[in-house]
């Protein structure tokens, strides 16, 4: 069975931040499995629970394990907003082994790391909830920033005055369950919502940056 090796940044100033990065790696695994249709592996999603990245010997052991696992894989997929020193070494190793490398870093083309959705108040009344712009498949459309969203609206005949009454909502994180963007919840008792999972979450259930 084909294997995909998933790599994203792990190192961070504090252990708490390292564990958040490990959790993000599991999200990227889910995203990779959806895209490539085969099992994804990411040692750094789990090894921080067993080994201390700040300890040189334990870090070397983790990197050695990752190198051995990489050699069994059919592709290397890069996620995250930066390339760490450990990632550079694995990219070099993949090139040596002739393993295809795919760049899926989350920074978008307009320089924003946060996808944007467009909403408007039902019946134009701000006390009502929001309805969001969707495609023909009834899926909420994600844009690479506010300007990309406005360009789309202009192309579809929406005027600048009409845009004044619309809400451009930036993503506040990535869903641990499916890998799609999270957005602020429209339900007061919840923190965020995932349109792909069709579910709202409390702040303790997701890593949300507010």
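Residue numbers (my numbering): 9 to 218.
Every residue gets a Cβ at the ideal spot worked out from N, C-alpha and C, and that includes glycine.
Note that this is a predicted model, so its numbers are computed, not measured.
The way I'd put it, the stretch 122-129 doesn't touch the stretch 63-79; fewer than three beta-carbon pairs between them come closer than 8 Å. Under the criterion of beta carbons closer than 8 Å, residue 11 and residue 49 qualify as touching, at roughly 6 Å. For residue 202, DSSP records a beta bridge to 207. The DSSP assignment places complete alpha helix (DSSP H) segments of no fewer than 4 residues inside the stretch 21-53 at 23-44, in order along the chain. Residue 67 has its alpha-carbon roughly 10 Å from the corresponding atom of residue 73. DSSP places residue 95 in the helix class (H, G or I) of the three-state scheme. If you draw a 10 Å sphere on the C-beta of residue 62, you find fewer than 16 other C-beta atoms in it, and that means exposed. Between the C-alpha atoms of residue 197 and residue 210 there is a straight-line separation of about 8 Å.
If you ignore the 5 residues before and after residue 204, its C-beta comes within less than 6 Å of the C-beta of 186, 188, all in its own chain and listed in chain order. With a cutoff of 8 Å on beta-carbon distance, residue 90 and residue 127 are scored as not near each other. Here the alpha carbons of residue 139 and residue 146 stand approximately 12 Å from one another. Its Cα nearest to that of residue 201, the residue 148 stands out among 98, 168, 52, 148.
Scanning 206, 194, 207, 183 for the CA closest to the CA of residue 217 turns up 183. It is roughly 24 Å from the alpha-carbon of residue 56 to the alpha-carbon of residue 46.
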